[in-house]
Amino acid sequence: MFKRLWSQLFALVLVVVVGLAGCSASPGGLVGNYRQDTMTVLNSLKAVLEMPDDSPDRAAAQSLAKLNINDFAARYRQDPALTKLSSFTNMRTALNSLAAHYAAYPNRPLPEKLKTNLEQKFKQIELALQRNA
Numbered sequence: 027m028f029k030r031l032w033s034q035l036f037a038l039v040l041v042v043v044v045g046l047a048g049c050s051a052s053p054g055g056l057v058g059n060y061r062q063d064t065m066t067v068l069n070s071l072k073a074v075l076e077m078p079d080d081s082p083d084r085a086a087a088q089s090l091a092k093l094n095i096n097d098f099a100a101r102y103r104q105d106p107a108l109t110k111l112s113s114f115t116n117m118r119t120a121l122n123s124l125a126a127h128y129a130a131y132p133n134r135p136l137p138e139k140l141k142t143n144l145e146q147k148f149k150q151i152e153l154a155l156q157r158n159a
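Below, the structure written as structure tokens:
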């Protein structure tokens with residue numbers, strides 16, 4: 027009797043913990059506001075691009091950026107209102123080019139040409155967000 031009560035109590039606590047963890051904010055810091063989330067992802071990507079390749083904090087920054095990218099893509103890719111925005115299409119292009127590089131060359135640093143292209147896209151995204159486009 028006592029063992030069964032404990033197992034039911036444990037199951038209830040586990041369900042509550044999993045339920046609350048699923049309802050919490052994303053671990054990368056995205057909040058559900060498109061413009062704010064775009065800037066959050068942009069800033070995390072900029073931080074990774076500006077870090078030297080031998081930086082001890084690079085791995086943590088990369089994992090945070092990956093979390094933000096995945097959360098951003100999952101949250102906004104199906105929103106038809108955003109597909110018309112130039113900020114969204116430029117962001118998607120930047121994320122896709124970065125993902126393609128890391129898929130093909132996971133252990134190599136980003137080439138300068140790709141860094142330059144990403145920095146240009148980031149500027150275009152920031153300008154488009156300022157114009158509400």
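Per our numbering, residue 27 is the first one in the sequence shown, and the count goes up by one each step.
No residue lacks a Cβ here, since even glycine has one placed at the ideal position from N, Cα and C.
On a predicted model such as this, the values are computed, not experimentally measured, just so you know.
field: A91, buried or exposed, once every other Cβ within 10 Å from all chains shown has been counted against 16
entry: buried
Checklist entry - When you compare only the Cα positions, how much space is there between G48 and Y102? => result The pLDDT assigned to G48 is 46, lower than 50, so where the model puts this residue is not dependable, and the model offers no usable value.
- prompt: What is the rounded straight-line gap between the Cα of S70 and the Cα of P132?
  reply: 18 Å
**Q.** Within 9 Å, strictly: CB atoms of F98 and T119
**A.** no
So, with DSSP's three-state summary, where would you put S81?
coil
9 Å Cβ cutoff met for I151 and S113: yes
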